[in-house]
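Notes to accompany the following structure.
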Amino acid sequence: MERDPQDLGDDHHEERFQLCEVELAQLQLTQKEPEEGEVLSGLSQRRLLSAVAMEEFEFPASIHLQKMPLFPKWHLPLKLMAVLMAVAFVYTFLRDVLQPYVSNGKNDFYKIPILVLNKVLPWTSITLLALVYLPGILAALLQLHRGTKYSRFPVWLENWMSVRKQLGLLAFLLACLHAIYSLSYPMRRSYRYKLLNWAYQQVQHKKESAWVEDDVWRMEIYISLGILGLGILALLAISSLPSVSDTLNWREFQCVQRTLGYTALLLCTAHALVYGWKKWVELKQYVWYTPPSFILACFLPAMVLLVKAVLVMPCLDKRLDRIRHGWERPSRKGRSDKDSL
Amino acid sequence: MERDPQDLGDDHHEERFQLCEVELAQLQLTQKEPEEGEVLSGLSQRRLLSAVAMEEFEFPASIHLQKMPLFPKWHLPLKLMAVLMAVAFVYTFLRDVLQPYVSNGKNDFYKIPILVLNKVLPWTSITLLALVYLPGILAALLQLHRGTKYSRFPVWLENWMSVRKQLGLLAFLLACLHAIYSLSYPMRRSYRYKLLNWAYQQVQHKKESAWVEDDVWRMEIYISLGILGLGILALLAISSLPSVSDTLNWREFQCVQRTLGYTALLLCTAHALVYGWKKWVELKQYVWYTPPSFILACFLPAMVLLVKAVLVMPCLDKRLDRIRHGWERPSRKGRSDKDSL
Amino acid sequence: MERDPQDLGDDHHEERFQLCEVELAQLQLTQKEPEEGEVLSGLSQRRLLSAVAMEEFEFPASIHLQKMPLFPKWHLPLKLMAVLMAVAFVYTFLRDVLQPYVSNGKNDFYKIPILVLNKVLPWTSITLLALVYLPGILAALLQLHRGTKYSRFPVWLENWMSVRKQLGLLAFLLACLHAIYSLSYPMRRSYRYKLLNWAYQQVQHKKESAWVEDDVWRMEIYISLGILGLGILALLAISSLPSVSDTLNWREFQCVQRTLGYTALLLCTAHALVYGWKKWVELKQYVWYTPPSFILACFLPAMVLLVKAVLVMPCLDKRLDRIRHGWERPSRKGRSDKDSL
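Residue numbers (the UniProt record's numbering), protein chains in the order written: chain A, 1 to 341; chain B, 1 to 341; chain C, 1 to 341.
Quick look at the structure:
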């Protein structure tokens, strides 16, 4: 036990805290050097704490906090999220803020706190969501290619697969923030002032109606798709709470995570595509020869959905099912028999 | 164990996966033919999976997924929700979209993705919420009528009672979606264009102030009631999470589910009634001789609240309390004594 | 067991419900007179209920509901919240509604259901959030002053510390309601009418642009800070769900509750300060010689953050760390040795 030199000799305190020390000794016995994974669970720690009535800021220093793992499963997803957000931020900042300033001298820096951030959030969110479903597809392709399920996946694929839950939860968090940011648009002073200026111009130009049927339809549909997508993502997130997922049996868990998951990805991709509408072909959207961000954002999820659509076609689906039942491609079997000689 | 014919003879694989097979054998021992309800819990399944490091898409085919129940408690509530939504959609579509088109040739089809859907959502939501509290009231009335608690309820009532939690959660989900849809109104292009056109007309008519005191009050009150209702429903939903409800004692659970539940129903009904305001008596609201949807939506919850208000009156409440303490009406006792002969 | 006199003699019923009674007897054995804390957990109660297939409104009266504690940990936080909300409501009502009516005869009573309530909610929320972190700071100051950790804290401080989780959850609930209320602003009729009138005036005054750069920036920043603060509070709230916090080890729990908690407090305080912007120095904000509510609301959280900033300075942080490792100030030790004689 680590102790300061000044700490020796205060035996009367030790006596008072004897119960505490006994329990801590037990704790240390079970803890020692926390070998990988062998760390005292949070639950029993907190039970101990409530047993000896300690406040958390009094947590005994002899329990080496530094040796406890700090969200080991979240490191990779968080780093990935940070990188994606940084790239998306720079790209959006260049296109939406810097380009108007450089080309037309237009000061649009006020867009950074909300409008730029609210392009970064959905872009990162949908990318993370696609990355949840990409490894499953890669694994299926690998199994089809190998013709057997009795081969280990590469390490990187296994690592990736083991953090899918974390990726999905981050995607949901960013999607929620995106929703709140979007809902706050008409609250902002900048929106109010723009609206007043548009009204002024409409009166000046004696334009009786501002209605643009095309634009109205576009926005009604993509908002509706976005809300439905968020609702389904919320169900997925709730079902991944430990206490909820414990009450589900395997088939229910599969149904939620797979069926609802792909539905959410489909709705979110459709949401992004309808948001784009005809901007695909409008040349003015390609400022500085860069495509609008929704095209880049849609690319990965659209690929995932496309490959998935191919994989659920009867011929491939049946073969994959047989492989997962233990069937092996004859050529493959011969090869692996030779391997075992 | 079901196996493909090709699967025989690959013993070296069997060896490699021996541990896995042993565990699966244990699994099958406990599972065999899943007799009703006797299905391996999701928890132990997933523990098994993590023990043998299988990915879920590799889940052994010998575990018959098809025989596992798929959300058995949710079938009835989901079907009910689907029917209610379909009816509400048709009704709203006819009144809000088709009638203006047929009568005035007005093209309001853009209303379908958001405005029509956002009448369907609250209507279904409040109906489901009323259906959570209706069976309790029917049961109380039945007990009062029979004068005893020692009689089984009809099967349909017991079934209904057993899915109240599911009905409540669906009501909450729809209420959340309704809130997000409502908050998205001023974001939409259609709202912006309408606003600009109103501004144009106000200028043309030289109307200094657009303020309508009555309308302002109506909207401030019903939004406030709606948000408070949603807040209380959220507390109810959180308290029904397994890990949260496990920490509540019986009295706390009762207090949340009953007191908060009726408060939420009251707030939501008031929200709908204030939304209606004076439309009750405005003849133009009765297009094609149909009443506005909020009247239909309010009917059931208002009935439930009314009967509940009667039931908590001292005379009835005391009698019900005595019945639930085991007291029986004398005439009833005589009859049941005869029955037992 | 309490029973009505009429209840005697219905033995045939007793037989039918024998199983039930046996289980209840067991229940009563474990329950008897519920001595403090020794109350049957909600879990086992509900298991019992499902075992004997009783509906909750049939809950046996022999289990004395009145003797069960009703959210004992929530009494103090809820009372505190009620008092804070009442004070904030009166203050805001006087300044925002009564003052314009008395001074200028302006009827702003329509502000009560949303605008006044939505000043009360964030004010109470940020105060509760500051009260979560204040006791930890007081305890640290006390430890520094006493120079030892081997002294009990005063009872009020221990009680306060034991309800920090509840205070935090209430702060989050109010913050969520505040967010929804704020997002509903542009939906309201009052906002629409004001907007139309502003547009009318802009046209009358032939003002080409309504844009106020300063105001735009202020609002973009404070909305963005508020949303981020709410997002972090949501993470904190989720991590305090029993099933989630059980999966965290001590260091993770610390990291979430402390690092994220102070980040949230910082963001929310910044949100309030940016909302204030230059109103600090505008004399017209001090109606009836009272400061604007955001100044009062910011005071406590700003103090907490300031003292915390001082406490994490190396010299104090090191000393506090040594005290928590068991070190005692020499003078203190002499004194306590005398005490023990």
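For each residue, glycine too, the CB sits at the ideal point set by N, CA and C.
1. With a threshold of 8 Å between beta carbons, is P186(A) in contact with chain C?
2. In chain order, what residues of the same chain have a beta carbon less than 7 Å from the beta carbon of Q99(A), not counting five sequence neighbours either side?
3. Answer yes or no: does any C-beta atom of chain B fall closer than 8 Å to that of S293(A)?
4. Inspect the beta-carbon positions of T124(C) and L169(C) and report whether they are closer than 8 Å.
5. What would DSSP say about P113(B), mapped onto helix, strand or coil?
6. Step through the CB atoms of chain B and report whether any lies within less than 8 Å of the CB of L76(C).
7. Could you give the residue range of the alpha helix (DSSP H) that holds Q257(C)?
8. According to the Cβ coordinates, are R192(B) and L195(A) closer than 8 Å?
9. Only counting the same chain, and skipping five residues up and downstream in sequence, which positions put a Cβ closer than 7 Å to that of A210(A)?
10. Counting pairs of beta carbons, one from the region 174 to 187 of chain B and one from the region 226 to 243 of chain B, are three or more of them closer than 8 Å?
11. Please list the segments of the alpha helix (DSSP H) lying wholly inside the UniProt domain "Ferric oxidoreductase" (123 to 259) of chain B, counting only runs of 4 or more residues, in order along the chain.
12. What did DSSP end up calling F71(B) once you bin it into helix, strand or coil?
13. What residue from T263(B), K308(B) and C255(B) has the CA that sits closest to L228(B)'s CA?
14. If the cut is a Cβ gap below 7 Å, which residues of chain B does F71(C) touch?
15. Please identify, using Cβ separations under 8 Å, the residues of the region 168 to 199 of chain B that lie next to chain C, in order along the chain.
16. Alpha carbon to alpha carbon, how far is D215(A) from Y110(A)? Give it in angstroms, no decimals.
17. Can you pull the chain B residues whose beta carbon is under 8 Å from the beta carbon of M85(C), in chain order?
18. Determine the chain C residues that contact Y101(A) at a beta-carbon separation under 8 Å, and present them in chain order.
19. Can you tell me where the alpha helix (DSSP H) with V307(B) in it begins and where it stops?
20. Starting from the beta carbon of C255(B), find every residue of chain C whose beta carbon is closer than 9 Å, and list them in chain order.
21. Would you check if there are 3 or more beta carbon pairs closer than 8 Å linking the region 131 to 140 of chain A to the region 304 to 317 of chain A?
22. Can you name the residues of chain B whose CB is closer than 9 Å to the CB of S240(A)?
23. At a CB distance below 8 Å, what residues from the region 199 to 217 of chain A approach chain B? Give them in sequence order.
24. Can you give the Cα-Cα distance for G326(A) and Y150(A), rounded to whole angstroms?
25. Grab the span of the alpha helix (DSSP H) containing L94(A) for me, first residue to last.
26. Would you say L235(C) lies against chain B (beta-carbon separation less than 8 Å)?
27. Check whether the Cβ atoms of P113(C) and I114(B) sit closer than 8 Å, and answer yes or no.
28. Of all the residues that make up the region 90 to 124 of chain C, which are near chain B by a beta-carbon distance shorter than 7 Å?
29. If you measure from the beta carbon of S331(A) to each beta carbon in chain B, is any gap under 8 Å?
30. For the region 148 to 167 of chain A against the region 149 to 167 of chain C, are there 3 or more C-beta pairs whose distance is under 8 Å?
31. First and last residue of the alpha helix (DSSP H) that includes L283(B)?
32. CB V212(A) to CB S239(A), shorter than 8 Å?
33. Below 8 Å on the Cβ atoms is my guess for S293(C) versus T92(C); work out the distance and round it to an integer in Å.
34. Just the C-alpha distance for S184(B) and P154(A), rounded to the nearest angstrom, thanks.
35. Does N107(B) come out as helix, strand or coil in the three-state DSSP assignment?
36. Alpha helix (DSSP H) containing R322(C): first to last residue?
On the basis of the data shown:
1. Residue 186(A) sits at position 186 when you count from the first residue of the first sequence. Output row for P186(A): interface = yes.
2. Stepping through the first sequence from its first residue, residue 99(A) is reached at position 99. Counting only Cβ-Cβ distances below 7 Å, and skipping sequence neighbours, we find V287 and W288.
3. Taking the first residue of the first sequence as 1, we reach residue 293(A) at position 293. False, the Cβ-Cβ gap to chain B never drops below 8 Å.
4. Indexing the third sequence from 1 puts residue 124(C) at position 124. Indexing the third sequence from 1 puts residue 169(C) at position 169. For T124(C) and L169(C), no; Cβs fall outside 8 Å.
5. In the second sequence, residue 113(B) corresponds to position 113, counting from 1. Reduced to three states, the DSSP call for P113(B) is helix.
6. The residue you call residue 76(C) lines up with position 76 of the third sequence. Chain B places no beta carbon closer than 8 Å to that of L76(C), leaving this residue out of the contacts.
7. Start at 1 with the first residue of the third sequence, and residue 257(C) comes out as number 257. From DSSP, Q257(C) is part of no alpha helix (DSSP H); its letter is neither H nor E.
8. Mapped onto the second sequence, residue 192(B) falls at position 192. Mapped onto the first sequence, residue 195(A) falls at position 195. Yes; because the gap between Cβ atoms is below 8 Å, this pair is in contact.
9. Along the first sequence, one-based indexing puts residue 210(A) at 210. Excluding positions up to five away in sequence, the list reads Q202.
10. yes
11. 155 to 162, 164 to 183, 189 to 204, 213 to 239, 242 to 245 and 250 to 254
12. Reading the second sequence from its first residue, position 71 is the one you call residue 71(B). Coil, per DSSP.
13. As a working note, residue 228(B) is residue 228 in the second sequence. Ranking T263(B), K308(B) and C255(B) by Cα distance to L228(B) puts T263(B) first.
14. Translated into positions along the third sequence, residue 71(C) becomes position 71. Here the neighbours are E252.
15. A179, S182, L183, Y185, P186, L195, W198 and A199
16. Your numbering for residue 110(A) matches position 110 in the first sequence. Your numbering for residue 215(A) matches position 215 in the first sequence. So the alpha carbons of these two residues sit roughly 25 Å apart.
17. Along the third sequence, read from residue 1 onward, the residue named residue 85(C) stands at position 85. Residues of chain B passing the Cβ test: none, with the nearest at roughly 13 Å.
18. Within the first sequence, the letter at position 101 stands for residue 101(A). The contacting residues do not exist; Y101(A) stays about 15 Å from chain C at best.
19. Indexing the second sequence from 1 puts residue 307(B) at position 307. Looking at the DSSP string, the run of the alpha helix (DSSP H) that includes V307(B) is S293 to L311.
20. By one-based count along the second sequence, residue 255(B) stands at place 255. Near C255(B) (Cβ distances below 9 Å), the residues of chain C are L70 and F71.
21. Yes, since at least three Cβ pairs between the region 131 to 140 of chain A and the region 304 to 317 of chain A fall closer than 8 Å, the two stretches touch.
22. Translated into the one-based positions of the first sequence, residue 240(A) becomes position 240. Per Cβ cutoff of 9 Å: no residues; S240(A) is ~12 Å from chain B at best.
23. With the criterion set as a beta carbon lying under 8 Å from some beta carbon of chain B, the members of the region 199 to 217 of chain A are A199, Q202, V203, K207, E208, S209, A210, W211, V212, E213, D215, V216 and W217, in sequence order.
24. One-based indexing of the first sequence puts residue 326(A) at position 326. One-based indexing of the first sequence puts residue 150(A) at position 150. Rounded to whole angstroms, G326(A) to Y150(A) spans 8 Å at the Cα level.
25. The residue labelled residue 94(A) in the question sits at position 94 within the first sequence. Per DSSP, L94(A) belongs to no alpha helix (DSSP H) and is neither H nor E.
26. Within the third sequence, the letter at position 235 stands for residue 235(C). Output row for L235(C): interface = no.
27. Position 113 of the third sequence, counted from the start, is the residue given in the question as residue 113(C). Position 114 of the second sequence, counted from the start, is the residue given in the question as residue 114(B). No; because the gap between Cβ atoms is not below 8 Å, this pair is not in contact.
28. Y110, P113, I114 and L117
29. In the first sequence, the residue the question calls residue 331(A) occupies position 331. No, S331(A) lies away from the interface with chain B (no Cβ there is under 8 Å from its Cβ).
30. no
31. For the purposes of this step, residue 283(B) is identified with residue 283 of the second sequence, where counting begins at 1. Where L283(B) is concerned, there is no enclosing alpha helix (DSSP H), given that its DSSP letter is neither H nor E.
32. Numbered from its first residue, the first sequence carries residue 212(A) at position 212. Numbered from its first residue, the first sequence carries residue 239(A) at position 239. No, they are not a contact pair.
33. For the purposes of this step, residue 293(C) is taken as residue 293 along the third sequence, with counting starting at 1. For the purposes of this step, residue 92(C) is taken as residue 92 along the third sequence, with counting starting at 1. Sure, about 6 Å apart at Cβ, within 8 Å.
34. Taking the second sequence and counting its residues from 1, one reaches residue 184(B) at position 184. Taking the first sequence and counting its residues from 1, one reaches residue 154(A) at position 154. Spanning the two alpha carbons is a distance of roughly 45 Å.
35. Here residue 107(B) is taken as the residue at index 107 of the second sequence, counted from 1. Residue state, collapsed to three classes: coil.
36. Residue numbering aside, residue 322(C) sits at position 322 when the third sequence is read from its first letter. Looking at the DSSP string, the run of the alpha helix (DSSP H) that includes R322(C) is P314 to R324.
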